[in-house]
Every structure is written in structure tokens, then in C-alpha cells.
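K.L.:
In the working numbering, the protein residues as written are 19 to 556.
Glycine included, each C-beta is placed from N, C-alpha and C at the ideal position.
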Amino acid sequence: DFLANYRCIVPDHFNYARDVIDAYAADEPGRRALVWCDDHGRERIFSFGDLSRLSNQAANAFRALGIGRGDKVLLLLKRRYEYWISVLALCKLGAVAIPATHLLTAKDVVYRCNAADVKAIIAVAYPEVYPHVEQAVPECATLEHLICVDGTLPGWLSFDKLMEAQPQELSFPIENDNSDAMLIYFTSGTTGMPKMVLHDYTYPLGHLPTGVYWHALDETDLHITVADTGWAKCSWGKIYGQWLAGAALFVYDMDKFVPSKLLEKLAQYHVTSLCAPPTIYRFIIKEDLSAYDLSALKKGCTAGEPLNPSVFDDFYRATGVKLREGFGQSESGVICGTWRGLPERVGSIGIPNPQYDVVLLAPDGTPCEIGEEGEIVIRCKKDEPHPLGLLREYYRDPLRTDSAFFDGAYHTGDIAWQDEDGYFWFVGRSDDIIKSSGYRIGPFEVESALLTHPAVVECAITGVPHPDRGQVVKATVVLSRGYSPSDELVKELQNHVKRTTAPYKYPRIVEFVDELPKTFSGKIRRKHIRDTDSQGKT
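#1: Report the rounded CA-to-CA distance for Ala-124 versus Phe-275, giving the unit in angstroms.
#2: For the segment 408-425 against the segment 311-327, are there 3 or more C-beta pairs whose distance is under 8 angstroms?
#3: Measuring alpha carbon to alpha carbon, tell me which of Ile-63, Pro-405, Ala-234, Arg-544 ends up nearest Lys-317.
#4: Do Ala-285 and Asp-306 have their beta-carbon atoms positioned less than 8 angstroms apart in this structure?
#5: When we look at the beta-carbon of Pro-361 and count the other beta-carbons within 10 Å, is it buried (16 or more) or exposed?
#6: If we call anything under 8 angstroms between Cβ atoms a contact, is Ile-139 one with Leu-161?
#7: Cutting at 6 angstroms between CB atoms, please list the residues of its own chain near Leu-180, excluding the five before and the five after it.
#8: Assign Pro-483 to one of three DSSP states: helix, strand, or coil.
#9: Given Tyr-42, which residues of its chain have a CB within under 6 angstroms of its CB, disregarding the five upstream and five downstream residues?
#10: So Ala-134 and Ile-202 are supposed to be a Cβ contact under 8 angstroms. How far apart are they, rounded?
#11: Cutting at 7 angstroms between CB atoms, please list the residues of its own chain near Ile-394, excluding the five before and the five after it.
#12: Are the beta-carbon atoms belonging to Ala-266 and Leu-240 less than 8 angstroms from one another?
#13: Of all the options Val-53, His-217, Phe-177, which has the alpha carbon lying nearest to the alpha carbon of Trp-254?
#14: Can you list, in chain order, the residues of its chain with a C-beta nearer than 6 angstroms to that of Pro-117? Leave out the 5 residues immediately preceding and following it.
#15: How about the segment 449-469 and the segment 415-429: do they share at least three Cβ pairs that are nearer than 8 angstroms?
#16: Let me know the secondary structure DSSP gives Cys-293 once reduced to three states.
#17: DSSP three-state call for Gly-355: helix, strand or coil?
#18: Taking C-beta to C-beta, are Gly-86 and Leu-108 nearer than 8 angstroms?
#19: If you reduce the DSSP assignment to three classes, tell me which class Asp-239 lands in.
#20: Excluding the five sequence neighbours on either side, which residues of its own chain have a C-beta within less than 6 angstroms of the C-beta of His-288, listed in chain order?
#21: For a test of the three-state rule: what should DSSP assign to Leu-534, helix, strand or coil?
#22: Using DSSP with H/G/I as helix, E/B as strand and the rest coil, what is Ser-65?
#23: Taking all protein chains shown into account, do 16 or more other C-beta atoms lie within 10 angstroms of the C-beta of Gly-259, making it buried, or fewer, making it exposed?
#24: Hey, how far is the Cα of Pro-485 from the Cα of Ile-479?
#25: If we ignore side chains and look at the alpha-carbon of each, how far apart do Trp-443 and Asp-449 end up?
#26: Give the secondary structure of Trp-435 by DSSP, where H, G and I count as helix, E and B as strand, and everything else as coil.
#27: Go ahead and pull the three-state DSSP assignment for Glu-182.
#28: Val-495 and Val-474: beta carbons closer than 8 angstroms?
#29: Take Phe-530 and list the residues in its own chain whose beta-carbon comes closer than 7 angstroms to its own, dropping the five residues that flank it on each side.
Structure (C-alpha cells):
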């Protein structure tokens, strides 16, 4: 029924903070909304009534500083609970939130502030964060205010003191149009500076399928998505669709990812639903899961990269939870997913979201046949509303916008194929595909083969230029405890791939490393490996 009939009726002047959070607060003010904890024994539990009042106070405080409709505010808040208060407050103001990772350098801050005309920065008062902001300030032409969280800093406004001076009722009416900018994500591409992905005020409704039909949440759930607030996966999994589904959010503000500590929190708080990238699950299953009471955990999802079958199997054997995959981008909601009630096909990213008209196109622009690889695109019909959850534009970059939206469709740049039952199978980014001796090799299929060997905890497959073959397959491997690099192990891994998948896909080059380069969100940076190899630094 969902796949055949789903549609969302969008109200005029929709405002998520008012129409969802304040509405919950009016009906059930004491209902649990957010459970927050960190590595230092601190804990805060917020009801919807709390979030409504606190976001009112924050909105009043920001307005008193001159922040209003259309103004841009950069958020460097890690997983602090003030992120949720601030995002809701900016939504009530009609302002634009720009979430960002706390790992930005001063150069990164300068670029973002000037590219988007940022008016204020709200950041954690941590030594790994605020010095970079302070170094950037002299070069940020439009920046007027620095606001710090979880501490005090000279020359900065205190978030808590700003809040204390304001009433808990809004001092102004909420006014916005659906087409107003609500959220901007800076997201890196394969070339050039980060793109500014602009989402409008209907964006939260694009995540109804995320929370209700992919995460499969309801009012009984306590859900965690393991993501920093600076990543778009936070919007996917930690604020919009989950509260629309009626669930409560669990936020573990970890200093760094330690599998055992995450498992302790899942057990301690009786978390029922977990969403994390495959990288997280790969480390989790290396732990002794029988040492943790995960009996409350009933639901699991993953995105960011395709899930390796061995990881699915190991996690299912240990927890009884079958992981459901999803696929999308910072530019969109969930494009494909293993939806609630849909049988899992391990390694498949699922079936297209019915809120999008998704097709696979061959290089000549024609629809692909069953089993044929093609680019995932979303058709955008002129006589229909803009697809919910899909970016409006790359802000201030019409050329880049036109390069993504053409021939009546949004082009993702991701390659997949579709089976006879409608399931999509991810192959890779168009620039990740390896072309060797006439063969097209997707990195995921080789990585999945390697990960079934007990010596491999993580790996990345890339192509290396070759004078005769065009490219050859290279494996960059992180070894499990108890294994050491050797020529014998290289040969063993190569033979293992030959036995596990088509022999022509085996890695002719194997490099052992202590860790793989990753994005802030945990995705493996294959491009970084390719660039390093091209510079002769292997």
C-alpha cells in the first residue's frame, strides 16, 4: 500500500517547529522527546513541552541579536542537545541553519561564512573547535555574533545566559513560506570546493518515509542514529522523520567512537532502534555482543555505503535484528530503502521511495533494462510539485544546479542496477567504477568478498592506472587483531577473492594500513586513496 499509494499533503506555510513540536507540546507536553547523555556521566531528558519552551526562548534570544528571516547561522555543536534547541528556534524565526562538523579548520570556517553570508556562529566551547573559529573571524565579512555552548569564552556570548534573559513564550509571530531556505549543507564533491545544498521549509516532510517506513518507528521507540549533527544524516535520522513517527530520540554525545561504549549505552538506556553506517556495524560485530543486554533492540538500519552480507549475517546472529538498507544523499531524503514489511535482500539498497519517480538511465539517457547498470535519477515533472526532500538548488551556483538538474530529472551520479523484483543494487559512484581490461568492476562487490575473510576488518577497493589494462584493482586493508602484513597473506587474500567472486575482480595490489581515510560522516574516502596513489605516496 505504501509503495502504491503514498503521498504527502503539504500545508501552506509549513513550519516544522510550530506544526510538529509545538503541536506535540500542546497535546502531550510531558511526552519524552529527547534523551541525551555523554561520556562524562551527564544526562538530560527533554519532553516535547521542554523543547517547545526552550526553542521559544532561543528564538527570542536570537531575534534580540538581530537574527531573523533568511539570516544564516553556522552550527558547530557536535552532538550537544543545544543543537536541537537551536535548529527549532531558527526554524521559528524563518532563519537558515547551516550544520557543520566540529572538525573544520579556520580556512573551512572562512569559506563557509563568506560563501553563505553567515551572520552568527553557535559553537561548543571546546579547544578543538573555538580556536579555529576565532582565527577565522577577521576574514568573515558578514559575521556579527559568536555564541558558545557548554562553557564560557572571552568575547563570546553565552548560550545559557542569552536563554535566561528571555521568556518561554514567543514574542513574535512565526512567518515563512514553503519555498524559503531552511537548511544549507556544505557537501564535498569529487572536485572543487564544497557545494551548498539548499533545502526549503518542506524538507522535514520529505523524511516522513524515513522515520515511519524505513526506520519503521512508532511512539514506543527510542531511536539512535549514530551521526554528528554536522552531517546530513543527522537530518535523516535525528530530528525530522523520527519525531514525525512519534518516536523519542536517543543522543549519545561521544568524545570518540568506541564500540564497547556505544554498546553499553544501547543496553543501559534500552534503545530499541539503531541506525549507523556499515563502518560502525563492522566494528560492533568484532565485540562480544553477548556481554551486553541488547534485548530491547528490535530495529536496525544502515546507509552511507552498501552493507556487506557478512556484516548483516553476523549482526543478525548476535542480536536477532535484520538490518534494513537505505540509500540517499545530502541532496535528498531516502531515495531507495528496504521499507517496513519489505523482505530484506542482503546487499540491496531496496526499492525506490514512492515520493520520488526513480529510474536508472544508461549513458545515452535511455532507461536501463533489468540487470543493466545505470545512473540513479529522480524525474522532476514540470506539472507537479517539486519532489519533497529534494534540494531546491545548489545555493549561489546556477551552473552546478544545471549540471544536476537537466532533461527533466535530478542526476545523482550514483550507479546501480535493478533486479526483476524491483530491488536496486548499488554499484558505486560513477567515479569509483574500475574499468580493467574491458570489465567494469564496482568496489563494493570486491570489498564484500574481502570482508568474508577473518583477517579483514575494513577495506577499500580502488582502481590504479595500468598501461595495458587501463586500471587494476587495488585493496587497501585494515587487518583484524592477531594478523600481520605479509606476502603470504596478500596471496591468501587474493585467492580468497578469486574463490568468492568472479576471478577477474581480484586485487592485483594489496596495501595494509592502520586505518582508512574517512569523511566526517564515516564514509570511506576512496578518492583520497586514488589521489595519494597518483602522487606516488603508496
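P.N.:
Here's the rundown:
#1: Distance between the alpha carbons of Ala-124 and Phe-275: 24 angstroms.
#2: These segments do not touch.
#3: The option with the nearest alpha carbon to Lys-317 is Ala-234.
#4: 8 angstroms or more divides the Cβ of Asp-306 from the Cβ of Ala-285.
#5: With fewer than 16 Cβ atoms within 10 Å of its Cβ, Pro-361 is classed as exposed.
#6: Taking 8 angstroms as the Cβ cut-off, Ile-139 and Leu-161 qualify as a contacting pair.
#7: Excluding five sequence positions before and after Leu-180, the CB atoms of its chain that fall closer than 6 angstroms to its own CB belong to Ala-79, given in chain order.
#8: Pro-483 sits in a strand when the DSSP states are folded into three classes.
#9: Correct list, in chain order: Phe-66.
#10: So it is a contact: roughly 6 angstroms between Cβ atoms.
#11: Same-chain partners within the cutoff: Ile-353, Val-376, Leu-378, Thr-430, Asp-432, Ala-434.
#12: In contact: Ala-266 and Leu-240 (Cβ atoms closer than 8 angstroms).
#13: The residue from Val-53, His-217, Phe-177 with its alpha-carbon nearest to that of Trp-254 is His-217.
#14: Annotation for Pro-117: Leu-93, Thr-247, Gly-248 place their beta carbon closer than 6 angstroms to its own, counting only its chain and skipping 5 residues before and after.
#15: The segment 449-469 vs the segment 415-429: no contact.
#16: Per DSSP, reduced to three states, the secondary structure at Cys-293 is strand.
#17: When secondary structure is reduced to three states using DSSP, Gly-355 falls in the strand class.
#18: Here Gly-86 is not near Leu-108, since their CB atoms are 8 angstroms or more apart.
#19: Residue state, collapsed to three classes: coil.
#20: Taken in chain order, the residues that qualify are Ala-314.
#21: Residue state, collapsed to three classes: coil.
#22: It is a strand residue.
#23: The residue is buried, with at least 16 neighbouring Cβ atoms inside 10 Å.
#24: Computed Cα separation, rounded: 19 angstroms.
#25: Approximately 17 angstroms between the Cα atoms of the pair.
#26: In the three-state reduction of the DSSP assignment, Trp-435 falls in the strand class.
#27: Correct three-state label for Glu-182: helix.
#28: Val-495 places its beta carbon less than 8 angstroms from that of Val-474.
#29: Sequence-distant partners of Phe-530 (beyond 5 residues in either direction) whose C-beta falls short of 7 angstroms from its own C-beta, in its chain, are Val-495, Leu-497, Pro-503.
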